[in-house]
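Under my numbering, the letters of the sequence shown match residues 8 to 738, in that order.
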Amino acid sequence: MKRSRKFSGYWISYGKTMMVPTPNSGNAPFFRKVFDWNGTIESAVVYLCGLGWHELYINGEKVDDSVLVPAVTRFEVRANYLVYDVSKLLKPGKNCIAVLLGNGWYNCQSTQKFSFDKAPWRDYPKLLCDVVINGETAVVSDTSWKFTDSPIVYDALRSGEHYDARAEVPGFADAETDDSNWKNASRCFPPGGDIEEEEIEPCRIMQRLKPVGVTKLFPRVMIFDFGVCLTGWCEITVKGNAGDVVTIDYSEKVRANGDIDNEENARYIVETPFQHDVYTLKGDGVETWHPHFTYHGFRYAKIVVPKGTSLEAVEAHFVHTDLTPAGTFRTSSPYLNKLHEITIRSYLANFTGIPTDCPHREKNGWTGDAHLGCLVGMWNFDPKNAYLHFLRVLTDCQRKNGQLPCIAPTGGTYGFNWGAGPVFDFMLFEGVWQIWKFYGDTAVIEEFYDNMVRYLDYCLSMSEDDLVSFGLTDWAHPVDVYAIPLDVTATSFYYNCLQYMIGFAEVTGRTADAAEYRNRAERTKASFRKHFCRPDGGCSDDSLTSLACALYYGFTATPEATAALLAEKCRENGHRAIFGIAGAKLVPRVLADHGYMEDAYRIATQEEFPGWGYSIKQGATTLWEQWNGINSHCHIMYGSIDAWMYEYLTGITPAEPGFKVIRFAPHFVKDLDWAEATRKLNGGTVSVSWKRVNGEIEFECTIPEGSTGIIEINGTTETGLHGVVKRKYRE
8 MKRSRKFSGY WISYGKTMMV PTPNSGNAPF FRKVFDWNGT IESAVVYLCG
58 LGWHELYING EKVDDSVLVP AVTRFEVRAN YLVYDVSKLL KPGKNCIAVL
108 LGNGWYNCQS TQKFSFDKAP WRDYPKLLCD VVINGETAVV SDTSWKFTDS
158 PIVYDALRSG EHYDARAEVP GFADAETDDS NWKNASRCFP PGGDIEEEEI
208 EPCRIMQRLK PVGVTKLFPR VMIFDFGVCL TGWCEITVKG NAGDVVTIDY
258 SEKVRANGDI DNEENARYIV ETPFQHDVYT LKGDGVETWH PHFTYHGFRY
308 AKIVVPKGTS LEAVEAHFVH TDLTPAGTFR TSSPYLNKLH EITIRSYLAN
358 FTGIPTDCPH REKNGWTGDA HLGCLVGMWN FDPKNAYLHF LRVLTDCQRK
408 NGQLPCIAPT GGTYGFNWGA GPVFDFMLFE GVWQIWKFYG DTAVIEEFYD
458 NMVRYLDYCL SMSEDDLVSF GLTDWAHPVD VYAIPLDVTA TSFYYNCLQY
508 MIGFAEVTGR TADAAEYRNR AERTKASFRK HFCRPDGGCS DDSLTSLACA
558 LYYGFTATPE ATAALLAEKC RENGHRAIFG IAGAKLVPRV LADHGYMEDA
608 YRIATQEEFP GWGYSIKQGA TTLWEQWNGI NSHCHIMYGS IDAWMYEYLT
658 GITPAEPGFK VIRFAPHFVK DLDWAEATRK LNGGTVSVSW KRVNGEIEFE
708 CTIPEGSTGI IEINGTTETG LHGVVKRKYR E
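This is the structure we're talking about:
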């Protein structure tokens, strides 16, 4: 259950009211409060909700290394506060608490197609704060707090940040600083929703990268290459004259002439710059700066310095949600290891408070991308709190009739009447299912059960003969984004929702509900088979995705014939990835499940267009949005292949929720000499490895305390296994 607090203070801001949206809200504000504390300090906690983003300072020090907090929510439904232990920063006597507020998602200024600049929650930055010392409320947010302009002249989520170092406020967080020229804060409207404790891990600077190359485009215009696509910003160190202006523009691509290329990624931002930071020097020796309240998706940075200013150093900061690493995967194939590496980088670059589609063009919580990246997160990290957060954001956007948007949050109506459908909406069910499977947590089912009921009722209302046909289909298909019949993919994922719901109802003791959803699922399966499946094994248009849907969901009455047809078509196509994001998830799995693992492996590894190998051959450092690379070069939606590698090459899956029973069923593909994987659990670490030695397969797995293992290899099954298990198998 989410924790909440009854604050003693009230919401304060800096006197502005938003009658109409404005493209520039002015300087980011500093707030401060000086107070006395008589006596010792055994414990001191700050409870702070600072919207859109905030930084907290005590007695001149930033209290931690978090950035871009709190994570975005549907602010008029709920906003999150953070809890800071400041026991070591406060002292007996006079103290100062200071807060720097940025716009973040709360006050989006950039005009763009997704209408966040017109979001129903939009307002100027504001804060709510309690300071509790030794269990006693010592300070609350009220109009005795003071505010002034910070040197951040402009900050916008998608446009960038402008910082004028000449306007810095020395000692803004020091108790002895004279603040008589500061103004008193004003009481303001609250954001409108519940105020709950932030549970998701914060964003941090997780990696610092030096340039791997630099191109001098023109005198004083340099393009820095950091070697990989990442999310964050550049930190610059400069020396020059007061008033000199340095600009930084960010891009993941460069043109043939070496200049950055944002033609594709900037197309949704109008009237304001795109990924553009500005630093104005104060002229006081060497100056180092990076943005506070924006982030960018980039590999390249174009830095322009004026005459008289020297650029002493530059480094890129990789910023993302600080997810705890939990899984490892390696094989004898350098290619597969590279595919794993770029998938992980894509996943992290698209997790800044919520899972996003891309870190530059949109920064949106597309549910389809979240659905397809969910298992990547589950295998490689400990993302439970992060996905609980996103599920709350998603369900806070749900309409009364059960309809979900395809982006969460949504700034208005976008995402309801275009794009949303079972292929993308499946994230609600997938998120709950995988948290249950990986953690054994049924509380997540209870929390979102009613939301799932409403969604399935909505789908039923949209169905005809128990088939549904709305939303996006097999998106980003290389032939055409609408190439695959929508009723095939939409009905398939709707059916998957029903399957999951049967499990949710049964485990929570809702037997009548389970019977109802089983009945709906059986009707849907029968209707799909009637309308799309043929006795010869074909399905609808006989595309790879349609055939995979028929197999994965058990729709086909002739699975052997359908699997054979699928394998035949894969071979005819040279094992090229003639599918979009839904097919990318399903095709490799059903091929492996029906005896065609070598074909699945070929699809995952071949280097011709379209396919994962093609992008790697072209030098990709993150996954592309389109197989041909014409759009974004940093998307996670094709990342489902990473979970396939864990579950099929090393063969590890949770056979029962919480890994109480662990299944090991690796496939020993011909082109691999060895493969290994690990996943940390509450009771220890589960590991699996296999390697070829003198014509045999040497297999080893470790089953942690509290779990039992099942091994399914070469047609044999062993159950009830514990501890370290070693086996040898003839090939």
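Cβ atoms here follow ideal geometry from the backbone N, Cα and C, with glycine treated the same way.
Check, Outcome
"Option nearest Lys735 by Cα separation, candidates Tyr524, Thr724, Glu725 and Glu707", "Glu707"
"C-alpha distance - Trp425 paired with Pro664, whole-angstrom precision", "35 angstroms"
"At least 3 beta-carbon pairs within less than 8 angstroms: the segment 332-343 vs the segment 359-378", "no"
"Segment contact flag, the segment 238-247 with the segment 286-301, C-beta cutoff 8 angstroms, min 3 pairs", "yes"
"Reference Leu355, options Thr417, Val326 and Asn102, closest by Cα", "Val326"
"Reference Asn191; option with closest CA among Arg39, Leu493, Thr515 and Arg596", "Arg39"
"Three or more C-beta pairs below 8 angstroms linking the segment 172-185 and the segment 54-61", "no"
"Extent of the continuous alpha helix (DSSP H) to which Ala528 belongs", "Thr518 to Phe539"
"Whole-Å CB distance - Leu108 paired with Pro36, under 8 angstroms assumed", "5 angstroms"
"Cutoff 6 angstroms; reference Ile509; Cβ partners in own chain excluding five residues on either side", "Ala521, Tyr524 and Arg525"
"Host beta strand (DSSP E) of Arg699 (start-end)", "Gly691 to Val700"
"Close-in-space but distant-in-sequence residues of the same chain around Leu467 (CB under 8 angstroms, 5 per side omitted)", "Arg527"
"Other residues of its chain near Pro218: CB distance less than 7 angstroms, five sequence neighbours each side excluded", "Phe231, Asp232, Phe233 and Val321"
"Buried or exposed by the 16-neighbour rule on C-beta atoms within 10 Å, applied to Met25", "exposed"
"Helix, strand or coil at Gln119 [DSSP, three-state]", "strand"
"DSSP three-state assignment for Lys101, whether helix, strand or coil", "strand"
"Selection from Leu89, Glu62 and Tyr64 that minimises the alpha carbon distance to Lys9", "Leu89"
"Contact check, Ser15 vs Glu49, beta carbons under 9 angstroms", "no"
"Contacts around His283, its chain only, beta-carbon distance under 6 angstroms, and the 5 residues preceding and following it disregarded", "Gly167 and Asp256"
"Exposed unless 16 or more other CB atoms sit within 10 angstroms - verdict on Ser187", "exposed"
"Beta-carbon contacts of Lys687 that lie in its chain and below 6 angstroms, excluding the five residues immediately before and after", "Ala333"
"Nearest residue (CA-CA) to Phe225, options Lys309, Ala672, Asn357 and Ser340", "Lys309"
"Residue closest to Asp268, alpha-carbon to alpha-carbon, out of Tyr307, Val277, His303 and Thr279", "Tyr307"
"Beta-carbon proximity check, Asp494 vs Thr552, cutoff 9 angstroms", "no"
"Nearest-angstrom beta carbon gap, Ile19 and Cys195 [assumed within contact, 8 angstroms]", "6 angstroms"
"Extent of the continuous alpha helix (DSSP H) to which Trp443 belongs", "Met434 to Tyr446"
"Asp464 classed as buried or exposed, judged by whether at least 16 other C-beta atoms fall within 10 angstroms", "exposed"
"Rounded straight-line distance, which links the Cα of Ala105 to that of Tyr489", "52 angstroms"
"From Ile491, Asp549 and Asp606, residue whose alpha carbon lies closest to that of Val676", "Asp606"
"Phe231 Cβ short of 8 angstroms to the ligand COA heavy atom set", "Summarising the ligand content, the structure contains no ligands, and the ligand COA is consequently not present."
"Enclosing beta strand (DSSP E) for Met213 [first to last residue]", "Cys210 to Leu216"
"Whole-number beta carbon distance between Glu259 and His729, since they are thought to touch under 8 angstroms", "Actually they do not touch by this definition, with Cβ atoms about 48 angstroms apart."
"The segment 665-673 touching the segment 688-696, judged by at least three CB pairs closer than 8 angstroms", "yes"
"Assigned secondary structure, Lys314 (DSSP; H/G/I helix, E/B strand, else coil)", "coil"
"CB contact flag (Phe300, Gly33, <9 angstroms)", "no"
"Same chain only: Cβ atoms within 7 angstroms of Gln214, ignoring 5 sequence neighbours per side", "Phe325"
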